[in-house]
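Here the structure is laid out as structure tokens; the discussion comes afterwards.
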Amino acid sequence: MIRMRLPDEPNTYIDVFSERGAIVANYVIGGRHLFYMDDEMGMDAPIIRGGVPILFPVCGPVHDGKYSVQGQEWPMPQHGFIRDMAWSVSDSLHSLQESKLMLTVTDSAYSHRFYPYAFRLNLVYVLQKSGLRVEMTIYNLSNTAMPVQIGFHPYFNLPDKKDFECHVPDTAFEDGLTGQTYEGGLAEVLHAKLHDEVTNLRCHFPHGDIRVGLDTADWEISVEPDDPFKTIVFWSLAGKPFICVEPWSGSPGHLNRGTTQWLEAGNVLHVGLTIRARCKKQTTEFG
1 MIRMRLPDEP NTYIDVFSER GAIVANYVIG GRHLFYMDDE MGMDAPIIRG GVPILFPVCG
61 PVHDGKYSVQ GQEWPMPQHG FIRDMAWSVS DSLHSLQESK LMLTVTDSAY SHRFYPYAFR
121 LNLVYVLQKS GLRVEMTIYN LSNTAMPVQI GFHPYFNLPD KKDFECHVPD TAFEDGLTGQ
181 TYEGGLAEVL HAKLHDEVTN LRCHFPHGDI RVGLDTADWE ISVEPDDPFK TIVFWSLAGK
241 PFICVEPWSG SPGHLNRGTT QWLEAGNVLH VGLTIRARCK KQTTEFG
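Read in order, the letters of the sequence shown are residues 1 to 287 in full-length UniProt numbering.
Set out below in structure tokens:
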């Protein structure tokens, strides 16, 4: 585990598990935890429920857990496989204004079980007073185009699911469980759905430029994905004090539907996400 602190603010930091998908397990601001982490499952669980898992090369499930490419059928786990791979730390930088941690991962025998392509992913975490910036660069090192989808899966602490406000541009969305579609009114539907066993609402923004605000008893949060993110998924479970606000670069199941997004051989894709948060209740305890 790597702990990266904000210069001159030792009780503001992130914890990154490079050996487990380069996940940010904790983001602590002023001594208070912004992200949810299911401590009962822990970092050794098959699926980590908390922090900010990285989704690649798919977001969501593929039909029957498999897809066809290059004339062959391949298995594919939900949300892909990159969150299970070990990353290498390539560099770290610190200044008076920010701290940076750079990590990288490349294709391997493990990734080739699911994805017959050569690639490299470079990841940069930038911790600033204004928030956390995540930057990803995807390199296609294959001699052919490869299907690519990227997403982030941040879990935000939400102890009281009745006491929060969601601010999001009005758009069409759907219930990922029932398939029911809505033309608007996300905030009201989200409040109602958070009392269901599972909440899964998918919002589509054809023109990008997405900003999602969460105002809770403890936090003012802004989730700001760059292009090419055009989908936001709100996900939660009954009895669990969290809400996920997930930027995806496309809809789930694209590998099965013929709507695959391709990155041409030798090309590069840049994506980014900024999470800004202001804690309403400060503490002086150090992490």
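Ideal Cβ placement from N, Cα and C applies to all residues, glycine included.
Note that the structure is a prediction, hence the values are computed from the model and not measured.
Limits of the unbroken alpha helix (DSSP H) element including residue i
| i | result |
| --- | --- |
| N26 | Not the alpha helix (DSSP H): N26 falls in the beta strand (DSSP E), residues I23 to I29. |
| N256 | H254 to R257 |
| L96 | Taken as a continuous stretch (DSSP letters only), L96 belongs to no alpha helix (DSSP H), as it is neither H nor E. |
| E188 | L186 to K193 |
Residue environment, residue i, which counts as buried when at least 16 other CB atoms sit within 10 Å
| i | result |
| --- | --- |
| P252 | buried |
| Q180 | exposed |
| T284 | Only weak support is given to the placement of T284: the predicted model assigns it a pLDDT of 47, under 50, and the value that follows is read from those uncertain coordinates. With fewer than 16 Cβ atoms within 10 Å of its Cβ, T284 is classed as exposed. |
| A277 | buried |
| N140 | buried |
| V271 | buried |
| P225 | buried |
| F286 | Confidence is the limiting factor: at F286 the pLDDT is only 41, short of 50, which leaves the residue's position unreliable, though a coordinate-based value still follows. Under this definition F286 is an exposed residue. |
| T231 | buried |
| V16 | buried |
| H167 | exposed |
| Y110 | exposed |
| K161 | buried |
| S99 | buried |
DSSP beta-bridge partners of residue i
| i | result |
| --- | --- |
| V134 | Y125 and L273 |
| V212 | V223 |
| P147 | W262 |
| I54 | F152 |
| R113 | Per DSSP, none; premise fails for R113. |
| K66 | P75 |
| T181 | E174 |
| P206 | None; P206 has no bridge partner. |
| L201 | D175 and F234 |
| C279 | W219 |
| R120 | T106 and Y139 |
Beta-carbon separation (whole angstroms), residue i vs residue j, contact threshold 8 Å
| i | j | result |
| --- | --- | --- |
| I54 | A22 | 6 Å |
| residue 288 | I275 | Nothing can be reported for residue 288, as the shown portion of the chain is limited to 1 through 287. |
| V62 | N256 | 6 Å |
| L127 | M4 | 6 Å |
| V223 | V189 | Going by Cβ atoms, the distance from V223 to V189 rounds to 18 Å, so no, they are not a contact pair. |
C-beta contact flag for residue i and residue j at 8 Å
| i | j | result |
| --- | --- | --- |
| M146 | W262 | yes |
| L201 | F156 | no |
| G60 | F35 | no |
| S92 | T104 | no |
| N26 | M41 | no |
| L101 | I2 | yes |
| W235 | T199 | yes |
| S142 | A217 | no |
| I138 | V268 | yes |
| P77 | P159 | no |
Cutoff 8 Å: residue i Cβ touching any chain D Cβ
| i | result |
| --- | --- |
| S236 | The displayed structure is made up of one protein chain only, and chain D is not part of it. |
N- and C-terminal bounds of the beta strand (DSSP E) containing residue i
| i | result |
| --- | --- |
| E174 | F173 to D175 |
| Q78 | Per DSSP, Q78 belongs to no beta strand (DSSP E) and is neither H nor E. |
| N11 | E9 to F17 |
| W235 | T231 to L237 |
| R49 | Neither: R49 is in no beta strand (DSSP E) and is coded neither H nor E. |
| F164 | F164 to H167 |
| C244 | F242 to W248 |
| residue 289 | This structure gives no information on residue 289, because the portion of the chain shown stretches from 1 to 287. |
| M4 | I2 to L6 |
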